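Notes follow once the structure below has been shown.
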Amino acid sequence: MIPVKFDYVAPTSVEEALAALGEHGDDAKIMAGGQSLLPVLRMRLNAPEVVIDLGGIDALRGVRDEGDAIVVGAMTTHHEVRDHPLVREHALLVAKAAADVADAQIRHRGTFGGALAHADPAGDLGAPALALGAQFVIAGTDGTRTVEASDFFVGLFETAIGDDEILTEVRIPKHTGWGAHYEKFVRVAHQWPIVAVAATVRGSIDEARVGLTNMGPTPLRARATEAALAGVSATEDGVRAAADLAAEGTDPPSDLNGAADYRRHLARVLTRRAVLEAAGAQAWS
Amino acid sequence: MTATQDRPAQEIGRDRRRKEDQRLITGRTRWTDNITLPGMLHLAMVRSPFAHATITSIDVEEAKASPNVVAVLSGKDFGDELGVNINAWPITPEQKTPTHSPMPADRVAFAGEIVAVVVARSAAEARDAAELVDVEYDEQPAVVGIKKALEDTVLAHPELGTNKSALWVFDSAEAGTGGDVEAAIAQARADGIVIEREYRQQRLIPAFMEPRSVVVDPTGEQLTMWSATQIPHILRFALAATTGVPESKIRVVAPDVGGGFGGKLQTTPEEWITWAVARRLSKPVKYTETRSESLMAAHHGRDQVQTLTLAADRDGRVTGFKVHLDADLGAYVSLVGGGVPVLGAFMFNAIYKFPAYRFECQTVLTNSTWTDAYRGAGRPEATYAIERMMDELAAEVGVDPLEIRERNWITHEEFPFTTVAGLEYDTGNYEAATARAKEVFGYDALRAEQRERRERGDRVQLGIGVSTFTEMCGLAPSRVLGSLDYGAGGWEHASVRMLATGKVEIVTGASAHGQGHETAFSQIVADRLGVPFEDVEVLHGDTQVAPRGLDTYGSRSLVVGGEALVKAVDKVVEKATRLAAHLLEASEDDLDYAGGRFTVRGTDQGIAIQELATAAFAAHDYPEDMEPSLDADATYDPVNFNYPHGTHLCAMEVDTETGKVSMRKYTCCDDIGTIINPLIVAGQVHGGLVQGIAQALWEEAVHDESGTLVSGSFVDYLLPTSADTISFDVVHADDPSVCTTNTLGTKGVGEAGTIASTPAVVNAVVDAVRHLGVRDIQMPCTPERVWRAIHANDGDAPTPGGAMPHFDEGALNQDGAAQ
Amino acid sequence: MTKIHLTVDGAAVSDDVEPRMLLVQYLREKLGKTGTVIGCDTSNCGACTVHLDGTSVKSCNVLAVQADGRSVTTIEGLADTVEGELHPVQEAFRECHGLQCGFCTPGMIMQAVDLLAENPHPTEEEVRLGMEGNLCRCTGYHNIVKSVLHAAEGGARA
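Printed below as a string of structure tokens:
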């Protein structure tokens, strides 16, 4: 319950944060909202010598409109993301998934960027970000670079963010008017998802994007399903065949909550349900 | 004097808001971990990561050198002063009981066992140094799981030569309480129905919300231990008995205690180590566990394999029931230990008239966390077994599950009824409780909806689960406990102190940890003594204040502790009568006592009992043959258990595509005799229900093959939240079956909800999918297990064998559901 | 050690703390605000819920140094208990028997106050979902949910 001793740095700009990171290197750990990091430190599963808290960097907070995309600051909380009018209008799927992250208290502290950078395969935001083709803006001492979602998630708890870099914001291409649904399958409410499906569709159904949570070491995009959904009718029968492709190429874990084959089955069923829900849900409700 | 019992009760039956709450809702609490004392030191435990290992060496030098560390101690640093953790209930004379050192010096027997303790000026520094203690282990093969343990190929404690601890048997033919069960089974094989099943009572964790904490202050003449315990009195006795400190030199305090559910009905290694360290260092010390430590090392509950054979005639009248339990004790025989399943031995026949019954319980030792009482303790397991079997019998006969129960239950005219297990049920009315539950539940409408959904082939199927139950509670008549070789009695003690100002202090040996004793006991005393509710103060949980008691568990506080209180109050009234007669210059025979006031019949003279208290304090004028005090004590030993009962009905929806289950409706009608406070009773039932429902659906403590607890945090040990549960319909019998063996007519209610709900839920889940060929689903009924059970036959689920891993291939009692 | 200044239950406080000290440990150990309790080590139970600048957080999941310059409200500062006042949510928990052992209660009440501030007239389902981050082992949640709904009916202030 008591973390190992560490030094604490609270930069007020990205530059300061990068400098601190440069100085301490592998001994440092970046803390965004801290909602995943602090439990790890309390259980002493990790023991950084320095914690660099991004909480004081106001520039990393908020959502703005940039023409064909919205840009979510990495330190924007799940609570803010869920409620933000720009997110609800242009990336409804993200708002819905953010509403499903953990619980109210955690959503008040946990951040969009922090959760994505943590890259927990059971995290709720990776699949929507992937499905919507988000771009991750990563700052380093040499400037910033942008990484496509498809390249961002590298492995279990592993992303394209370098040791000396910080995720600053996430650009989400606008999906204005797209219906969306995040279908999360849990045994009890406070559990990490056993499987979840993030689906967003244009029309009913002209185009679809489907992301899968906890079906492998990284969030996955159900591309075969997406392709098969284009042009089908938003009915059980219309969607079924496409949804049945959802588990293709996945590599889900087996644990107390379900064996891999059961998770594959769930992915198919939940994909069908998520797509149908999404087709009927163009606005926040 | 005229008796007062016929005046209308003013407090009993009233939904008083709780006296306890003002402090608790404003954060003015006295949890053990809140206590700080001058110079207090903090402990951190070093625990074994291995389930079974010999300790080769322990290097404490680096830890000792860590900042502000005062001492680092291991088992070999202590002698007899460390004491042992005792088993108070050896269930047979031959029971094999491994010695349980709080901190073994040579060998650990489960993962999480303490091998060293660090003492430092702060909890953080103690934890830091604990990481530096270097323990070398020689890992030994570990035995995990009941069936492995029974094989006796790997031994949890090699020196015992076997994992089998004790075999306890009850047979109605031998006891003379019924017939020969083997004959009944043979007969049923010839011309009746035989149902054989194996059910698994998974291992659960009590998971009280307040982690255990203990503070010991050795600086007074009495050494004081504050502990988050249900049992301060038993704890004091055990400390004295095992650590060589005279009982009179020990004070134990259970301050505010945040839930127990049986989980704090224990004397723990953590308490014993904290005690020893405080004595060694002559400084106050505190140890508070983390949640992970609690889940790993505080005792677990349940964990049985039940092998059941039910014999019935073709109409579904049960002719015999044979029960064989294998129960996992874990690494040590805990305080109650094998007594927990034995408490279930008398309950498998439940509310029914079974002619023949046999019960066997084999306890086994394994290299896993020890087990002991968890809410219901033996009775939920028994109720689950028989209520699941009655549903199977109903399905076999082809009648409604309520019908099959009615064919077998004791009718209300038949009380008092001596059961095949030898208990005498005093009162009950199963017909009435069932009728009321059915009505409130809307049973017929839900059955109609179920039929409609089945016919339509709805993706979401509806199931209705029935569970009736009775339990023996109010532990317990001391003579009965003696006959079962339990190490103590089951009486309870109470005192009434009439203060000079007219206020009343009640001292009870029961030790509340959320039950609302302060409120309910005040109501009892207010009525019986005739003083205002607000004038009564209930004191408990401190051996200096409440020197005698046997604490709180087994739904005993009201029915045993409350009765002790009644007896003490009656003595006060008796004394007061003498004083009143003296002061009023009247004959005792001419006095009436009502509403707290003595009056002289036929006059306007009178005196209030609170005035008499003042008079007794002043002691200026009192009878020569009387002491100047109205105070009184009583120790009450119950003559029988009491037998609350109820009918619980549950509607579950099952998503046949995913296996996910959700509760639609839950109604229970419990007949618990006289109700003191309906608000508190409802709360007990609600909480009990969710714990029982949680066994059915969510909770399971899982050790892997090496003995590591996989479900070692709240991330993996799944407690339900508000979002996973529903609001319940809790009703009671209109005309309750009042208990005849205590004055108030009360029966226990603390465990009722937990006992009845588990089978109601599983019966509902199975009922929803029985038409798809499912006869059983192992608890907890996870979506995956439900899905596999449903699709075992249609090829949709690729590995049907996984649906019921509790069934061994080729076992005699192999259930057909998974084939 | 890092120097922090903050407001807790309306009072300005200042201390040197180790960066690793959790806000809940700071409240309990440095300030004696033992009304806020620790029920788990994985941030599941919510017993340690307090308000940080007016919104609910799990104080085991915030470092004390992160509260520097900010305002914390605990169960002890929710109402002026010295004056015998209760917050309407506290009152509702008593009225509806929304607690038994009382260990989860401070966190439950603090989360309920937050929930009602955001949604003054929730449905039962909204209450159940809004309290999902707080575990209780005694009440089965039945009366907790009832308490929150009762407080909402009474127009509980935020």
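Residue numbers (the numbering used here), protein chains in the order written: chain H, 22 to 306; chain C, 2 to 820; chain E, 18 to 175. By construction, the Cβ of each residue, glycine as well, lies at the ideal position given by its N, Cα and C atoms. Computed from a predicted structure; not experimentally measured.
#1: Quick one: what does DSSP say V775 (chain C) is sitting in, helix, strand or coil?
#2: Hey, does M52 (chain H) have any beta-carbon neighbour from chain C nearer than 8 Å?
#3: At a CB-CB cut-off below 7 Å, which residues of chain D make contact with R128 (chain C)?
#4: Could you check the C-alpha separation between T435 (chain C) and C670 (chain C) for me, to the nearest Å?
#5: Kindly indicate which residue of H:A300, H:D124, H:S34 and H:T292 has the alpha-carbon position closest to the one of T162 (chain H).
#6: Expressed to the nearest angstrom, what Euclidean distance is found between the alpha-carbon atoms of P799 (chain C) and H792 (chain C)?
#7: With a CB to CB cut of under 7 Å and the five nearest residues on each side skipped, what residues in its chain are close to D129 (chain C)?
#8: Does any residue of chain C bring its CB to less than 8 Å from the CB of Q107 (chain E)?
#9: Got a sec: which bits of the stretch 669 to 701 of chain C sit with their beta carbon under 7 Å from any beta carbon on chain H, in order along the chain?
#10: Using a Cβ cut-off of 8 Å (strictly closer), state whether P799 (chain C) contacts chain H.
#11: Return the chain-ordered list of same chain residues with a C-beta closer than 6 Å to the C-beta of T600 (chain C), the five sequence neighbours on each side being excluded.
#12: Using 8 Å as the limit for Cβ to Cβ distance, is E272 (chain C) near chain H?
#13: Please identify, using Cβ separations under 8 Å, the residues of the stretch 51 to 74 of chain H that lie next to chain E, in order along the chain.
#14: Leaving out five residues on either side along the sequence, give the residues of the same chain with a beta carbon under 7 Å from the beta carbon of T271 (chain H).
#15: Kindly indicate which three-state DSSP category H518 (chain C) falls into: helix, strand or coil?
#16: Where do the N-terminal and C-terminal ends of the alpha helix (DSSP H) with K149 (chain C) fall, by residue?
#17: Against chain E, does I78 (chain H) count as a neighbour if the rule is that its beta carbon must be under 8 Å from one of theirs?
#18: Does the stretch 39 to 46 of chain H touch the stretch 121 to 133 of chain H, meaning 3 or more C-beta pairs lie closer than 8 Å?
#19: D79 (chain H) by DSSP, collapsed to three states: which one?
#20: According to the neighbour-count rule (16 or more other Cβ atoms, all chains shown, within 10 Å of its Cβ), is P212 (chain C) buried or exposed?
#21: From T668 (chain C) to R318 (chain C), what does the alpha carbon distance come to, in whole angstroms?
#22: Do the CB positions of L132 (chain E) and P123 (chain E) come within less than 8 Å of each other?
#23: Might you give, ordered along the chain, the residues of its own chain that have their beta carbon closer than 7 Å to the beta carbon of K75 (chain E), omitting 5 neighbours on each side?
#24: Give the single residue among C:A110, C:E126, C:P207 and C:V119 whose Cα lies nearest to the Cα of E160 (chain C).
#25: Taking Cβ to Cβ, would you say R602 (chain C) is nearer than 8 Å to A609 (chain C)?
#26: For F157 (chain H), decide whether its Cβ has a neighbour in chain C, counting only Cβ atoms nearer than 8 Å.
#27: Between the Cα of E142 (chain E) and the Cα atoms of C:T755, C:G749, C:S728 and C:C782, which residue gives the shortest distance?
#28: What does DSSP give as the partner residue(s) for N643 (chain C) in the beta ladder?
#29: Less than 8 Å between C-beta atoms, sequence neighbours within five positions excluded: which residues of the same chain meet that for M18 (chain E)?
#30: Chain C beta carbons: is any one of them nearer than 8 Å to that of R145 (chain E)?
#31: Can you have a look at E100 (chain E) and say buried or exposed, based on whether 16 or more other CB atoms are within 10 angstroms of its CB?
#32: Please tell me whether A175 (chain E) has its Cβ less than 8 Å away from any Cβ of chain C.
#33: Can you pull the chain C neighbours of V290 (chain H), defined as C-beta to C-beta under 7 Å?
#34: Go through the stretch 218 to 253 of chain C residue by residue and report every complete run of the beta strand (DSSP E) that reaches 3 residues or more, in order.
#35: With burial defined as no fewer than 16 other Cβ atoms inside 10 Å of the residue's Cβ, what is the status of D124 (chain H): buried or exposed?
For this structure:
#1: To locate residue 775 (chain C), count along the second sequence from 1; it is residue 774. Per DSSP, reduced to three states, the secondary structure at V775 (chain C) is coil, with no helix or strand assignment.
#2: Numbered from its first residue, the first sequence carries residue 52 (chain H) at position 31. False, the Cβ-Cβ gap to chain C never drops below 8 Å.
#3: No chain D appears in the structure shown, which is made up of the protein chains H, C and E.
#4: Looking up residue 435 (chain C) in the second sequence gives position 434. Looking up residue 670 (chain C) in the second sequence gives position 669. If you take the alpha carbons of T435 (chain C) and C670 (chain C), they lie about 7 Å apart.
#5: Locating residue 162 (chain H) in the first sequence gives position 141, counting from the first residue. It is H:S34 whose Cα lies nearest to the Cα of T162 (chain H).
#6: Taking the second sequence and counting its residues from 1, the one referred to as residue 799 (chain C) is at position 798. Taking the second sequence and counting its residues from 1, the one referred to as residue 792 (chain C) is at position 791. Confidence at P799 (chain C) is low in this model, with a pLDDT of 45, below 50, so the placement of that residue should be treated as unreliable; the coordinate-derived value is given next. The straight-line gap separating the alpha-carbon atoms of P799 (chain C) and H792 (chain C) is approximately 9 Å.
#7: As a first step, residue 129 (chain C) is located in the second sequence; it is residue number 128 there, counting from the start. If you ignore the 5 residues before and after D129 (chain C), its C-beta comes within less than 7 Å of the C-beta of S67, all in its own chain and listed in chain order.
#8: Working through the third sequence from its first residue, we reach residue 107 (chain E) at position 90. Interface residue, yes.
#9: So the list reads W699, given in the order they occur along the chain.
#10: Here the question's residue 799 (chain C) lines up with position 798 in the second sequence. Because P799 (chain C) carries a pLDDT of 45, less than 50, the predicted location of this residue cannot be relied on, and the following value inherits that uncertainty. At a cut-off of 8 Å between beta-carbon atoms, P799 (chain C) makes contact with chain H.
#11: As a first step, residue 600 (chain C) is located in the second sequence; it is residue number 599 there, counting from the start. Correct list, in chain order: D593 and G607.
#12: Reading the second sequence from its first residue, position 271 is the one you call residue 272 (chain C). Closer than 8 Å: no.
#13: Within the stretch 51 to 74 of chain H, the residues whose Cβ lies closer than 8 Å to any Cβ of chain E are, in chain order, G55, Q56, L59, P60, L62, R63, M64, V72 and D74.
#14: As a position in the first sequence, residue 271 (chain H) is number 250, starting the count at 1. For T271 (chain H), same chain residues with a beta-carbon under 7 Å away, outside a window of 5 residues either side, are L233, M236, G237, L241, R285 and A288 in chain order.
#15: Taking the first residue of the second sequence as 1, we reach residue 518 (chain C) at position 517. Collapsing the DSSP output to three states places H518 (chain C) in a helix.
#16: As a working note, residue 149 (chain C) is residue 148 in the second sequence. Looking at the DSSP string, the run of the alpha helix (DSSP H) that includes K149 (chain C) is I147 to E152.
#17: Locating residue 78 (chain H) in the first sequence gives position 57, counting from the first residue. Residue contact with chain E for I78 (chain H): absent (no Cβ-Cβ distance below 8 Å to any residue of chain E).
#18: Fewer than three Cβ pairs drawn from the stretch 121 to 133 of chain H and the stretch 39 to 46 of chain H lie within less than 8 Å of each other, which leaves the two stretches out of contact.
#19: Against the first sequence, residue 79 (chain H) aligns to sequence position 58. Under the three-state reduction of DSSP output, D79 (chain H) falls in the helix class.
#20: For the purposes of this step, residue 212 (chain C) is identified with residue 211 of the second sequence, where counting begins at 1. With a threshold of 16 other beta carbon atoms within 10 Å, P212 (chain C) meets it and is buried.
#21: Taking the first residue of the second sequence as position 1, residue 668 (chain C) is located at position 667. Taking the first residue of the second sequence as position 1, residue 318 (chain C) is located at position 317. So the two alpha carbons sit approximately 26 Å from each other.
#22: Taking the third sequence and counting its residues from 1, the one referred to as residue 132 (chain E) is at position 115. Taking the third sequence and counting its residues from 1, the one referred to as residue 123 (chain E) is at position 106. No; because the gap between Cβ atoms is not below 8 Å, this pair is not in contact.
#23: Residue mapping note: residue 75 (chain E) aligns to position 58 of the third sequence, counting from 1. The beta carbon of K75 (chain E) is closer than 7 Å to those of S60, G63, C65 and T66 in its chain, skipping five residues each way along the sequence.
#24: Locating residue 160 (chain C) in the second sequence gives position 159, counting from the first residue. Measuring from the Cα of E160 (chain C), the nearest candidate turns out to be C:A110.
#25: Here residue 602 (chain C) refers to the residue found at position 601 when the second sequence is read from its first residue. Here residue 609 (chain C) refers to the residue found at position 608 when the second sequence is read from its first residue. No; because the gap between Cβ atoms is not below 8 Å, this pair is not in contact.
#26: Working through the first sequence from its first residue, we reach residue 157 (chain H) at position 136. Between F157 (chain H) and chain C, the shortest Cβ-Cβ separation is not below 8 Å.
#27: Locating residue 142 (chain E) in the third sequence gives position 125, counting from the first residue. For E142 (chain E), the nearest C-alpha among the options comes from C:S728.
#28: Taking the first residue of the second sequence as 1, we reach residue 643 (chain C) at position 642. DSSP output for N643 (chain C) lists C:C474 as bridge partner(s).
#29: Within the third sequence, the letter at position 1 stands for residue 18 (chain E). For M18 (chain E), where only same-chain residues beyond five positions count, the Cβ hits under 8 Å are D33, V34 and E35.
#30: What you label residue 145 (chain E) is simply residue 128 of the third sequence in a count that begins at 1. The Cβ of R145 (chain E) sits closer than 8 Å to at least one Cβ of chain C.
#31: If you number the third sequence from 1, residue 100 (chain E) lands on position 83. By the 10 Å Cβ count, E100 (chain E) comes out exposed.
#32: Counting from one through the third sequence, the residue named residue 175 (chain E) turns up at place 158. Bear in mind that the predicted position of A175 (chain E) carries a pLDDT of just 42, short of 50, making it unreliable; the figure below should be weighed with that in mind. For A175 (chain E), the answer is no, since every Cβ of chain C falls outside 8 Å of its Cβ.
#33: Indexing the first sequence from 1 puts residue 290 (chain H) at position 269. Within 7 Å Cβ-Cβ: E658 and T659.
#34: Complete beta strand (DSSP E) runs here, min 3: 224 to 228.
#35: As a working mapping, residue 124 (chain H) is identified with position 103 in the first sequence. Classification of D124 (chain H): buried, given that the 10 Å Cβ count is 16 or more.
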